[in-house]
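Right, one structure below, let's go through it.
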Amino acid sequence: MDKSSSREVVFTNRDTLIMALLMVVAYMALGVAPILYGDLLIAGRVNAVQLSHVAAADYLSVGLASLFAPRFFSLSNVRRTAIIGVLLNTFGNFWSTQLSSEWLIAGRLVAGAGGGILIWLQYEFVARNARAERLSGLYLAAYVASAVVVSTLASDVLVPRYGVNAVFASMGVAALVTGFAILYGPKRMAPIEHSTETPGDNIEHLTMPFAAILALLSVFFINAFTATLWIYFEPITAAANIPKSTSDLAAILSLVLQGGGAILAAMIAHRVRFLPVLIVCSVIYILQAVYVLWGHLTIPGFLMFSLVFGGLGYFMVPFQIALSAHCDPRRRAVSIFAVPVVLGAGFGPLISSLAISDSDVSAGVTIALICSVLSFMALICAAGLGRTRPQRVPVA
60 MDKSSSREVV FTNRDTLIMA LLMVVAYMAL GVAPILYGDL LIAGRVNAVQ LSHVAAADYL
120 SVGLASLFAP RFFSLSNVRR TAIIGVLLNT FGNFWSTQLS SEWLIAGRLV AGAGGGILIW
180 LQYEFVARNA RAERLSGLYL AAYVASAVVV STLASDVLVP RYGVNAVFAS MGVAALVTGF
240 AILYGPKRMA PIEHSTETPG DNIEHLTMPF AAILALLSVF FINAFTATLW IYFEPITAAA
300 NIPKSTSDLA AILSLVLQGG GAILAAMIAH RVRFLPVLIV CSVIYILQAV YVLWGHLTIP
360 GFLMFSLVFG GLGYFMVPFQ IALSAHCDPR RRAVSIFAVP VVLGAGFGPL ISSLAISDSD
420 VSAGVTIALI CSVLSFMALI CAAGLGRTRP QRVPVA
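Here it is in C-alpha coordinates:
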(Lines of atoms letter the chains of each structure in order from A; the text may use other names.)
(Lines give C-alpha, C1' and ligand atoms only; values in the text may rest on other atoms or scores of the structure.)
Protein backbone atom coordinates (compact mmCIF):
# COMPACT_ATOMS: atom_id res chain seq x y z
CA MET A 60 0.00 0.00 0.00
CA ASP A 61 1.33 3.43 -0.99
CA LYS A 62 1.81 5.66 2.00
CA SER A 63 3.15 8.73 0.29
CA SER A 64 2.23 11.96 1.91
CA SER A 65 -1.23 13.21 1.08
CA ARG A 66 0.12 16.72 0.84
CA GLU A 67 1.24 15.62 -2.65
CA VAL A 68 -2.39 15.21 -3.73
CA VAL A 69 -3.11 17.59 -6.59
CA PHE A 70 -6.05 19.91 -5.96
CA THR A 71 -7.69 21.87 -8.76
CA ASN A 72 -7.05 25.55 -9.34
CA ARG A 73 -10.65 26.18 -8.31
CA ASP A 74 -9.99 24.50 -4.97
CA THR A 75 -6.92 26.66 -4.47
CA LEU A 76 -8.87 29.84 -5.25
CA ILE A 77 -11.78 28.99 -2.97
CA MET A 78 -9.47 28.18 -0.08
CA ALA A 79 -7.92 31.63 -0.59
CA LEU A 80 -11.40 33.13 -0.15
CA LEU A 81 -11.67 31.39 3.22
CA MET A 82 -8.48 33.11 4.37
CA VAL A 83 -9.67 36.50 3.14
CA VAL A 84 -12.93 36.24 5.06
CA ALA A 85 -11.40 34.83 8.23
CA TYR A 86 -8.63 37.42 8.52
CA MET A 87 -10.43 40.50 7.17
CA ALA A 88 -11.24 42.06 10.54
CA LEU A 89 -7.60 41.71 11.52
CA GLY A 90 -6.40 43.27 8.27
CA VAL A 91 -8.52 46.42 8.61
CA ALA A 92 -7.90 46.63 12.38
CA PRO A 93 -6.16 50.05 12.54
CA ILE A 94 -8.97 51.79 10.64
CA LEU A 95 -11.80 49.78 12.17
CA TYR A 96 -10.57 50.10 15.75
CA GLY A 97 -9.60 53.75 15.28
CA ASP A 98 -13.11 54.58 14.08
CA LEU A 99 -14.64 52.65 16.98
CA LEU A 100 -12.59 54.85 19.32
CA ILE A 101 -13.60 58.06 17.55
CA ALA A 102 -17.27 57.04 17.50
CA GLY A 103 -17.16 56.42 21.25
CA ARG A 104 -18.16 52.79 20.90
CA VAL A 105 -15.12 51.74 22.98
CA ASN A 106 -12.32 53.37 24.97
CA ALA A 107 -8.64 52.41 24.66
CA VAL A 108 -8.81 49.66 27.30
CA GLN A 109 -12.04 48.22 25.88
CA LEU A 110 -10.45 48.37 22.43
CA SER A 111 -7.67 46.07 23.68
CA HIS A 112 -10.29 43.62 24.94
CA VAL A 113 -12.17 43.70 21.63
CA ALA A 114 -8.94 43.15 19.69
CA ALA A 115 -7.99 40.27 21.98
CA ALA A 116 -11.43 38.73 21.41
CA ASP A 117 -10.98 39.06 17.63
CA TYR A 118 -7.59 37.37 17.62
CA LEU A 119 -7.93 34.84 20.43
CA SER A 120 -11.25 33.49 19.19
CA VAL A 121 -9.71 32.82 15.78
CA GLY A 122 -6.71 31.11 17.38
CA LEU A 123 -8.67 28.98 19.83
CA ALA A 124 -11.16 27.94 17.16
CA SER A 125 -8.26 26.94 14.89
CA LEU A 126 -6.73 24.95 17.74
CA PHE A 127 -9.87 23.04 18.74
CA ALA A 128 -11.58 22.73 15.35
CA PRO A 129 -9.97 19.30 14.66
CA ARG A 130 -11.68 17.96 17.80
CA PHE A 131 -15.17 18.90 16.63
CA PHE A 132 -15.00 18.87 12.84
CA SER A 133 -13.80 16.42 10.23
CA LEU A 134 -11.86 16.92 7.03
CA SER A 135 -14.01 14.24 5.44
CA ASN A 136 -16.68 16.91 4.77
CA VAL A 137 -14.84 20.16 4.13
CA ARG A 138 -17.82 21.96 2.61
CA ARG A 139 -20.09 21.39 5.60
CA THR A 140 -17.39 22.48 8.03
CA ALA A 141 -16.64 25.60 5.98
CA ILE A 142 -20.32 26.56 5.81
CA ILE A 143 -20.56 26.36 9.61
CA GLY A 144 -17.55 28.67 9.86
CA VAL A 145 -19.01 31.08 7.32
CA LEU A 146 -22.37 31.26 9.11
CA LEU A 147 -20.74 31.99 12.46
CA ASN A 148 -18.53 34.67 10.92
CA THR A 149 -21.49 36.27 9.12
CA PHE A 150 -23.69 36.32 12.22
CA GLY A 151 -20.88 37.68 14.41
CA ASN A 152 -20.16 40.55 12.03
CA PHE A 153 -23.80 41.60 11.68
CA TRP A 154 -24.37 41.22 15.42
CA SER A 155 -21.37 43.51 16.06
CA THR A 156 -23.27 46.37 14.42
CA GLN A 157 -25.65 46.37 17.40
CA LEU A 158 -23.05 46.22 20.17
CA SER A 159 -20.83 48.69 22.04
CA SER A 160 -18.34 48.75 24.92
CA GLU A 161 -17.49 45.37 26.42
CA TRP A 162 -20.59 43.85 24.79
CA LEU A 163 -18.83 44.17 21.45
CA ILE A 164 -16.56 41.36 22.64
CA ALA A 165 -19.43 38.90 22.23
CA GLY A 166 -19.92 39.73 18.57
CA ARG A 167 -16.20 39.48 17.86
CA LEU A 168 -15.96 36.13 19.66
CA VAL A 169 -18.65 34.64 17.41
CA ALA A 170 -17.15 36.10 14.23
CA GLY A 171 -13.68 34.96 15.28
CA ALA A 172 -14.86 31.44 16.07
CA GLY A 173 -16.17 31.13 12.54
CA GLY A 174 -12.98 32.63 11.15
CA GLY A 175 -10.87 30.18 13.14
CA ILE A 176 -12.65 27.21 11.59
CA LEU A 177 -11.98 28.63 8.12
CA ILE A 178 -8.32 29.30 8.91
CA TRP A 179 -7.89 25.74 10.17
CA LEU A 180 -9.24 24.40 6.86
CA GLN A 181 -7.03 26.75 4.88
CA TYR A 182 -3.81 25.75 6.66
CA GLU A 183 -4.71 22.06 6.41
CA PHE A 184 -4.96 22.68 2.68
CA VAL A 185 -1.58 24.45 2.66
CA ALA A 186 0.06 21.62 4.64
CA ARG A 187 -0.95 19.20 1.87
CA ASN A 188 0.88 21.23 -0.76
CA ALA A 189 4.44 20.22 -1.61
CA ARG A 190 5.46 23.89 -1.75
CA ALA A 191 3.60 25.04 1.34
CA GLU A 192 5.78 28.11 1.94
CA ARG A 193 5.13 29.39 -1.60
CA LEU A 194 1.37 28.82 -1.44
CA SER A 195 1.16 30.51 1.95
CA GLY A 196 2.86 33.59 0.52
CA LEU A 197 0.45 33.75 -2.40
CA TYR A 198 -2.52 33.37 -0.06
CA LEU A 199 -1.26 36.15 2.17
CA ALA A 200 -0.81 38.40 -0.85
CA ALA A 201 -4.41 37.75 -1.93
CA TYR A 202 -5.66 38.45 1.58
CA VAL A 203 -3.68 41.68 1.87
CA ALA A 204 -4.88 42.89 -1.54
CA SER A 205 -8.45 42.41 -0.33
CA ALA A 206 -7.67 44.14 2.98
CA VAL A 207 -6.23 47.13 1.08
CA VAL A 208 -9.44 47.45 -0.93
CA VAL A 209 -11.67 47.16 2.14
CA SER A 210 -9.49 49.55 4.17
CA THR A 211 -9.54 52.16 1.40
CA LEU A 212 -13.31 51.87 1.01
CA ALA A 213 -13.79 52.01 4.76
CA SER A 214 -11.63 55.11 5.16
CA ASP A 215 -12.90 57.06 2.13
CA VAL A 216 -16.47 55.84 1.59
CA LEU A 217 -18.07 53.51 4.11
CA VAL A 218 -17.27 55.20 7.43
CA PRO A 219 -17.70 58.83 6.28
CA ARG A 220 -21.08 58.08 4.70
CA TYR A 221 -22.56 55.26 6.77
CA GLY A 222 -20.51 54.97 9.95
CA VAL A 223 -18.31 52.22 11.34
CA ASN A 224 -21.15 49.68 11.25
CA ALA A 225 -20.82 49.62 7.48
CA VAL A 226 -17.41 47.94 7.88
CA PHE A 227 -18.89 45.16 10.00
CA ALA A 228 -21.76 44.75 7.53
CA SER A 229 -19.44 44.57 4.52
CA MET A 230 -17.42 41.81 6.20
CA GLY A 231 -20.66 39.94 6.92
CA VAL A 232 -21.73 40.18 3.29
CA ALA A 233 -18.30 38.99 2.10
CA ALA A 234 -18.55 35.95 4.39
CA LEU A 235 -22.03 35.14 3.10
CA VAL A 236 -20.88 35.27 -0.52
CA THR A 237 -17.97 32.97 0.34
CA GLY A 238 -20.51 30.52 1.77
CA PHE A 239 -21.95 30.06 -1.70
CA ALA A 240 -18.50 29.72 -3.27
CA ILE A 241 -17.46 26.96 -0.86
CA LEU A 242 -20.18 24.75 -2.34
CA TYR A 243 -17.82 24.37 -5.30
CA GLY A 244 -14.68 23.85 -3.19
CA PRO A 245 -12.91 20.64 -2.19
CA LYS A 246 -15.19 18.00 -0.71
CA ARG A 247 -12.64 16.38 1.56
CA MET A 248 -8.98 16.25 2.53
CA ALA A 249 -7.27 12.93 3.11
CA PRO A 250 -5.24 12.57 6.33
CA ILE A 251 -1.56 13.40 6.06
CA GLU A 252 0.46 10.21 6.21
CA HIS A 253 3.22 11.25 8.58
CA SER A 254 5.47 8.24 8.24
CA THR A 255 6.20 4.88 6.70
CA GLU A 256 7.42 3.53 10.02
CA THR A 257 5.99 0.53 11.79
CA PRO A 258 2.75 0.86 13.79
CA GLY A 259 4.76 0.97 17.00
CA ASP A 260 6.09 4.38 15.96
CA ASN A 261 2.63 5.95 15.68
CA ILE A 262 2.88 7.50 19.15
CA GLU A 263 5.32 9.99 17.61
CA HIS A 264 2.50 11.36 15.48
CA LEU A 265 1.03 12.98 18.59
CA THR A 266 4.12 15.00 19.38
CA MET A 267 6.39 17.57 17.76
CA PRO A 268 10.12 18.03 18.14
CA PHE A 269 11.01 20.63 20.77
CA ALA A 270 12.67 22.71 18.05
CA ALA A 271 9.31 22.93 16.25
CA ILE A 272 7.60 24.05 19.46
CA LEU A 273 10.21 26.79 19.84
CA ALA A 274 9.71 27.81 16.22
CA LEU A 275 5.97 28.18 16.82
CA LEU A 276 6.67 30.04 20.06
CA SER A 277 8.76 32.51 18.07
CA VAL A 278 5.81 32.97 15.72
CA PHE A 279 3.52 33.46 18.74
CA PHE A 280 5.60 36.28 20.21
CA ILE A 281 6.31 38.08 16.94
CA ASN A 282 2.58 38.20 16.25
CA ALA A 283 1.95 39.48 19.77
CA PHE A 284 4.39 42.27 18.87
CA THR A 285 2.88 43.13 15.47
CA ALA A 286 -0.76 42.97 16.61
CA THR A 287 -0.12 45.24 19.58
CA LEU A 288 1.44 47.96 17.45
CA TRP A 289 -1.10 47.38 14.66
CA ILE A 290 -4.20 48.02 16.79
CA TYR A 291 -2.63 51.07 18.46
CA PHE A 292 -1.83 52.98 15.25
CA GLU A 293 -4.53 55.55 16.07
CA PRO A 294 -3.57 56.21 19.74
CA ILE A 295 0.16 56.25 18.88
CA THR A 296 -0.29 58.83 16.13
CA ALA A 297 -2.76 60.86 18.19
CA ALA A 298 -0.21 61.12 21.01
CA ALA A 299 2.33 62.43 18.49
CA ASN A 300 -0.20 64.95 17.07
CA ILE A 301 -0.26 63.14 13.73
CA PRO A 302 -3.64 63.58 11.95
CA LYS A 303 -6.12 60.69 11.70
CA SER A 304 -5.94 60.92 7.90
CA THR A 305 -2.21 60.24 8.09
CA SER A 306 -2.79 57.30 10.43
CA ASP A 307 -5.29 55.83 7.94
CA LEU A 308 -2.84 56.39 5.08
CA ALA A 309 -0.08 54.70 7.07
CA ALA A 310 -2.31 51.68 7.70
CA ILE A 311 -3.19 51.36 4.01
CA LEU A 312 0.44 51.75 2.92
CA SER A 313 1.41 49.16 5.50
CA LEU A 314 -1.14 46.77 4.03
CA VAL A 315 0.15 47.39 0.51
CA LEU A 316 3.68 46.57 1.62
CA GLN A 317 2.39 43.47 3.44
CA GLY A 318 1.09 42.23 0.11
CA GLY A 319 4.33 43.10 -1.65
CA GLY A 320 6.34 41.35 1.03
CA ALA A 321 4.18 38.24 0.79
CA ILE A 322 4.57 38.08 -3.00
CA LEU A 323 8.34 38.57 -2.82
CA ALA A 324 8.68 35.90 -0.15
CA ALA A 325 6.56 33.47 -2.16
CA MET A 326 8.93 33.93 -5.09
CA ILE A 327 12.20 33.45 -3.20
CA ALA A 328 11.37 31.41 -0.08
CA HIS A 329 12.45 28.09 -1.59
CA ARG A 330 15.74 29.57 -2.86
CA VAL A 331 16.90 31.55 0.18
CA ARG A 332 18.17 30.34 3.54
CA PHE A 333 15.39 31.08 6.00
CA LEU A 334 17.44 31.67 9.16
CA PRO A 335 19.38 34.80 8.09
CA VAL A 336 16.14 36.32 6.76
CA LEU A 337 14.26 35.71 10.00
CA ILE A 338 17.14 37.02 12.13
CA VAL A 339 17.41 40.28 10.16
CA CYS A 340 13.64 40.84 10.17
CA SER A 341 13.45 40.17 13.92
CA VAL A 342 16.22 42.66 14.70
CA ILE A 343 14.53 45.33 12.57
CA TYR A 344 11.28 44.78 14.45
CA ILE A 345 13.05 45.22 17.79
CA LEU A 346 14.52 48.50 16.53
CA GLN A 347 11.08 49.64 15.37
CA ALA A 348 9.60 49.13 18.83
CA VAL A 349 12.49 51.14 20.29
CA TYR A 350 11.78 53.91 17.74
CA VAL A 351 8.12 54.17 18.77
CA LEU A 352 9.03 54.17 22.45
CA TRP A 353 11.54 56.96 21.78
CA GLY A 354 8.46 59.15 21.37
CA HIS A 355 9.68 61.64 18.76
CA LEU A 356 7.46 60.53 15.89
CA THR A 357 7.14 62.71 12.79
CA ILE A 358 4.80 62.23 9.84
CA PRO A 359 7.62 61.15 7.44
CA GLY A 360 9.14 58.96 10.16
CA PHE A 361 5.86 57.24 10.96
CA LEU A 362 5.07 56.66 7.30
CA MET A 363 8.49 55.06 6.84
CA PHE A 364 7.92 53.03 9.99
CA SER A 365 4.58 51.80 8.58
CA LEU A 366 6.13 50.80 5.25
CA VAL A 367 8.86 48.73 6.90
CA PHE A 368 6.49 47.35 9.53
CA GLY A 369 4.06 46.17 6.87
CA GLY A 370 6.67 44.97 4.42
CA LEU A 371 8.30 42.65 6.93
CA GLY A 372 5.10 41.26 8.46
CA TYR A 373 3.98 38.82 5.80
CA PHE A 374 7.38 38.62 4.15
CA MET A 375 8.46 36.61 7.20
CA VAL A 376 5.59 34.10 7.09
CA PRO A 377 6.80 31.78 4.29
CA PHE A 378 10.21 31.66 5.98
CA GLN A 379 8.56 30.92 9.33
CA ILE A 380 6.67 28.08 7.66
CA ALA A 381 9.93 26.86 6.14
CA LEU A 382 11.48 26.90 9.64
CA SER A 383 8.50 24.99 11.03
CA ALA A 384 8.77 22.33 8.30
CA HIS A 385 12.55 22.18 8.84
CA CYS A 386 12.10 21.54 12.56
CA ASP A 387 9.19 19.10 12.04
CA PRO A 388 9.40 17.18 8.74
CA ARG A 389 6.06 15.50 9.56
CA ARG A 390 4.54 18.95 8.97
CA ARG A 391 2.25 18.91 11.98
CA ALA A 392 3.76 22.29 12.88
CA VAL A 393 2.79 23.62 9.45
CA SER A 394 -0.80 22.35 9.72
CA ILE A 395 -1.31 24.23 13.02
CA PHE A 396 0.74 27.28 12.01
CA ALA A 397 -2.31 29.58 12.23
CA VAL A 398 -2.74 28.79 15.93
CA PRO A 399 0.35 30.61 17.27
CA VAL A 400 -0.22 33.38 14.72
CA VAL A 401 -3.64 34.40 15.99
CA LEU A 402 -3.18 33.36 19.61
CA GLY A 403 -0.07 35.50 19.77
CA ALA A 404 -1.93 38.35 18.09
CA GLY A 405 -4.59 38.10 20.79
CA PHE A 406 -2.12 37.72 23.63
CA GLY A 407 -0.35 41.01 22.92
CA PRO A 408 -3.42 43.29 23.12
CA LEU A 409 -4.83 41.32 26.06
CA ILE A 410 -1.70 41.73 28.18
CA SER A 411 -1.35 45.34 27.05
CA SER A 412 -4.88 46.12 28.25
CA LEU A 413 -3.71 45.43 31.81
CA ALA A 414 -1.04 48.12 31.58
CA ILE A 415 -2.37 50.93 29.38
CA SER A 416 -4.74 53.78 30.22
CA ASP A 417 -7.34 55.51 28.06
CA SER A 418 -4.89 58.32 27.34
CA ASP A 419 -1.53 56.52 27.20
CA VAL A 420 -0.68 53.29 25.35
CA SER A 421 3.11 53.52 25.76
CA ALA A 422 3.04 50.58 28.19
CA GLY A 423 1.54 48.50 25.38
CA VAL A 424 4.46 49.43 23.13
CA THR A 425 6.85 48.34 25.87
CA ILE A 426 5.09 44.97 26.03
CA ALA A 427 5.38 44.74 22.24
CA LEU A 428 9.13 45.32 22.54
CA ILE A 429 9.45 42.55 25.13
CA CYS A 430 7.51 40.19 22.85
CA SER A 431 9.82 40.96 19.92
CA VAL A 432 12.87 40.13 22.04
CA LEU A 433 11.29 36.87 23.26
CA SER A 434 10.48 35.93 19.67
CA PHE A 435 14.09 36.50 18.65
CA MET A 436 15.36 34.34 21.52
CA ALA A 437 12.94 31.50 20.64
CA LEU A 438 13.99 31.74 16.99
CA ILE A 439 17.69 31.38 17.81
CA CYS A 440 17.01 28.42 20.12
CA ALA A 441 14.81 26.68 17.50
CA ALA A 442 17.47 27.15 14.84
CA GLY A 443 20.14 25.87 17.19
CA LEU A 444 18.24 22.68 18.00
CA GLY A 445 17.46 22.06 14.34
CA ARG A 446 20.89 22.97 12.96
CA THR A 447 21.73 19.41 11.96
CA ARG A 448 19.18 19.54 9.12
CA PRO A 449 19.74 21.44 5.85
CA GLN A 450 18.20 24.92 5.91
CA ARG A 451 16.39 24.59 2.60
CA VAL A 452 13.07 22.78 2.71
CA PRO A 453 12.84 20.18 -0.06
CA VAL A 454 10.12 20.91 -2.59
CA ALA A 455 8.55 18.49 -4.96
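The sequence shown begins at 60 in our numbering and counts up one residue at a time.
The C-beta atom is built at its ideal place from N, Cα and C for all residues, glycine as well.
Note that the structure is a prediction, hence the values are computed from the model and not measured.
The C-beta distance from PHE280 to ALA165 rounds to 28 Å, too long to meet the 8 Å contact threshold. The C-beta of LEU76 has fewer than 16 other C-beta atoms within 10 Å across all chains shown, which makes the residue exposed.
For ARG73, the uninterrupted alpha helix (DSSP H) segment begins and ends at 72 to 90. In the same chain as PRO245, and ignoring 5 residues on each side of it, the C-beta atoms closer than 7 Å to its own belong to PHE70, ASP74 and VAL137, in chain order. A distance below 6 Å between beta-carbons, with the five flanking residues on each side excluded, links CYS340 to the following residues of its chain, in chain order: LEU371 and MET375.
Residue ranges of uninterrupted alpha helix (DSSP H) with 4 or more members, entirely inside the stretch 258 to 322 and ordered along the chain, are 269 to 290 and 292 to 298. Here DSSP, grouped into helix, strand and coil, assigns ARG130 to helix.
The beta strand (DSSP E) runs of length 3 or more contained entirely in the stretch 99 to 182 do not exist; there are none. Under the three-state reduction of DSSP, MET248 is assigned to coil, being neither helix nor strand.
Sequence-distant Cβ neighbours of ASN106 in its own chain, meaning closer than 6 Å and more than five residues away, are ASP417. Burial state of THR285 is buried, judged by a 10 Å Cβ sphere holding 16 or more other Cβ atoms.
Between HIS112 and SER412, the C-beta spacing is below 8 Å. Cβ-Cβ separation between THR296 and THR287: approximately 15 Å, too far for a contact (criterion under 8 Å). Straight-line spacing of the CA atoms in LEU433 and ILE338 works out to 13 Å. It is roughly 42 Å from the alpha-carbon of PRO294 to the alpha-carbon of ASN72.
Taking each of ALA141, LEU80, HIS329 and PRO219 in turn and checking the Cα distance to ALA124, the smallest one comes out for ALA141. Three or more beta-carbon pairs separated by less than 8 Å link the stretch 227 to 238 to the stretch 78 to 98, which places the two stretches in contact. By the Cβ neighbour-count rule, ASN148 is buried, with 16 or more other Cβ atoms within 10 Å of its own. Residue burial annotation: GLU183 is buried, with at least 16 other C-beta atoms found within 10 angstroms of its C-beta.
Linking ALA102 to LEU95 through their CA atoms gives a straight-line distance of about 11 Å. Restricting attention to SER133, GLY423, VAL393 and GLY151, the CA atom closest to the CA of LEU275 is found in VAL393.
Separation of SER135 and ARG390 (C-alpha to C-alpha, rounded to the nearest whole angstrom) is 19 Å. In its chain, beyond the 5 residues on either side, ALA88, LEU89, ARG167 and GLY171 have a beta carbon closer than 7 Å to the beta carbon of ASP117.
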